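Enquirer: Please see the structure below; I have some questions.
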Amino acid sequence: MASFQYCLNSSTIKPTPILDKIRIAAKAGYEGIELWHDDIDLYLQSGGQLADIRKALDDYGVHAPTTIYLKGWFDTTGEEHAREMDEIKRRLAQTAAVGAPHAIAGPPAGKADHALGAKNYYELLEIGRQFGVKPAMEYLGFVDDINTIEAAWDVIQKCGHPDATIVIDPFHCFRGGGPMASVGTLPADKIAVSHFNDSPASPASNLLTDADRVMPGEGICDLKLYCDGLRKIGYRRWLSLELFRPDLYERDALEVAQEGLEKMRAVAEA
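Sequential numbering of the sequence shown, starting at 7, is according to the numbering used here.
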């Protein structure tokens, strides 16, 4: 029996149309696919319907654990905050329509007021309840503040909402300088999804960008420690391959997806 459920973050085959992404995820052998709101909006602008996306997921037997992403909620106030929340509500309606239980909520780029972020996260989670969706707190290794598990967990703890969850990612652990072993300190039921990828030996960690991520096992992250930490806490759910590589976008999307699943399993099940 596999240790985890395997998922394809649709960023990995970004240029592919959304319904084809779902078909490819299923054909490659993934159980799930994370969908981006930009792709959903593009499909709707071309005349498609949200019901078409939900039907494709159901027809191919693929789950959508998350949609990506919600922004502008953490550090805004007043009229700006109200505008951002209107857009977030629109996206949460999409999340609910495609049947995803979580929507990923990203942090601000600069220094963060954790108390304000916690207050706004509580509000965001309450709004999520109106849609039957749980917004999940993500840290990003290349932002100034919310760049480690510890930083995101601090906001979650200050928030105190029972629906609060975290999105974890070995690349962001490495890029943000937080210990990979921190995954083993989290409650398993508080992890919405684990993104999965690796980091190259160069450039230096503080210079890494999304486009530098590599396939699991092709870099220098201690992914065994990471996966062992997840097993230790009893996490058995989603590992989601998340890459942003222009060179992969030029290749056959199905081949990329198949290679990614093979490399994920080779690392995670070792």
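All C-beta atoms, glycine included, are put in the ideal place defined by N, C-alpha and C. Just so it is clear, the structure is predicted and the values come from calculations on it, not from any experiment.
Would the segment 149–167 count as touching the segment 234–242 if we require 3 or more Cβ pairs under 8 Å?
Expert: No, the segment 149–167 does not touch the segment 234–242.
Enquirer: Reducing DSSP to helix, strand and coil, say where proline 185 ends up.
Expert: Here proline 185 sits in coil by DSSP.
Enquirer: What separation, rounded to the nearest whole angstrom, lies between the Cα atoms of lysine 125 and isoleucine 74?
Expert: For lysine 125 and isoleucine 74, the distance between alpha carbons rounds to 21 Å.
Enquirer: Got a sec? Which residues, its chain only, sit under 7 Å from proline 222 by beta carbon, not counting five neighbours each side?
Expert: Phe202, Asn203, Asp204, Leu229, Lys269, Met270, Val273, listed in sequence order.
Enquirer: For histidine 43 and threonine 215, what's the separation of their Cα atoms in angstroms?
Expert: Near 21 Å, if we compare the C-alpha coordinates of threonine 215 and histidine 43.
Enquirer: Give the DSSP-derived three-state secondary structure of valine 75 in the structure shown.
Expert: The amino acid at residue 75 is misidentified as valine; the sequence shows tyrosine. Three-state DSSP puts tyrosine 75 in a strand.
Enquirer: Buried or exposed: which applies to proline 252, given that a residue is buried once 16 or more other Cβ atoms fall within 10 Å of its Cβ?
Expert: By the 10 Å Cβ count, proline 252 comes out exposed.
Enquirer: When DSSP builds the beta bridges, which residues end up paired with glutamine 11?
Expert: Looking at the DSSP assignment, glutamine 11 forms a beta bridge with Trp244.
Enquirer: Under 8 Å, with one C-beta from each stretch per pair, do the segment 46–55 and the segment 17–34 reach the 3-pair mark?
Expert: These segments touch.
Enquirer: Of all Cβ atoms in chain C, is any one closer than 7 Å to the Cβ of cysteine 233?
Expert: The structure shown contains no chain C; it is built from a single protein chain.
Enquirer: List, from N- to C-terminal side, the beta strand (DSSP E) runs of 3 residues or more that fit wholly inside the segment 123–176.
Expert: 140–144, 171–174, all fully within the segment 123–176.
Enquirer: Can you give me the C-alpha to C-alpha distance between aspartate 150 and glutamate 156, rounded to a whole angstrom?
Expert: When rounded, the distance between both Cα atoms is 14 Å.
Enquirer: Spatial neighbours of methionine 186 within its chain, please: CB distance less than 6 Å, with the 5 preceding and 5 following residues excluded, ordered by chain position.
Expert: Closer than 6 Å at the Cβ level, and outside the excluded window around methionine 186, lie Cys179, Asp228, Leu231, Tyr232.
Enquirer: Pull up the DSSP beta-bridge partners for histidine 69, would you.
Expert: Histidine 69 pairs with Gly38.
Enquirer: Buried or exposed, going by whether 16 or more other CB atoms sit within 10 Å of the CB of asparagine 212?
Expert: Exposed, by the Cβ-count rule.
Enquirer: Taking the continuous beta strand (DSSP E) assigned at valine 220, which residues delimit it?
Expert: Careful: valine 220 lies outside any beta strand (DSSP E) and carries neither H nor E.
Enquirer: Rounding to the nearest angstrom, what Cα-Cα distance links glutamate 256 and glutamate 265 in this structure?
Expert: Their backbone Cα atoms lie some 15 Å apart in a straight line.
Enquirer: Going straight from the alpha carbon of isoleucine 46 to that of alanine 31, what length do you get?
Expert: Each residue's Cα considered, the two are about 16 Å apart.
Enquirer: Enumerate in chain order the residues of its own chain whose CB-to-CB distance from arginine 29 is below 8 Å, with the five nearest sequence positions on each side excluded.
Expert: Cβ neighbours of arginine 29 beyond the five flanking positions: Ala62, Tyr66.
Enquirer: Using the Cα positions of valine 104 and arginine 60, report the straight-line distance between them to the nearest angstrom.
Expert: When rounded, the distance between both Cα atoms is 5 Å.
Enquirer: What residues are listed by DSSP as bridge partners for phenylalanine 202?
Expert: According to DSSP, phenylalanine 202 bridges with Leu247.
Enquirer: Take glycine 160 and list the residues in its own chain whose beta-carbon comes closer than 7 Å to its own, dropping the five residues that flank it on each side.
Expert: Going by the sequence as given, residue 160 is aspartate instead of glycine. Here the set comprises His120.
Enquirer: Report, in whole angstroms, the separation of the C-beta atoms of glycine 147 and glycine 182, which I expect to be a contact under 8 Å.
Expert: Indeed, because the Cβ distance is near 3 Å, the residues count as touching under 8 Å.
Enquirer: Helix, strand or coil: how does DSSP classify alanine 194 here?
Expert: The answer is helix: DSSP assigns alanine 194 an H, G or I state.
Enquirer: Quick check on this structure: which residue in His108, Ile133, Asn153, Thr191 has the alpha carbon closest to the alpha carbon of alanine 118?
Expert: The shortest C-alpha separation from alanine 118 is found at Asn153.
Enquirer: Compare the beta carbon distance of tyrosine 11 and glutamate 40 with 7 Å and say whether it is the shorter of the two.
Expert: It should be noted that the sequence gives glutamine, not tyrosine, for residue 11. Contact: no.
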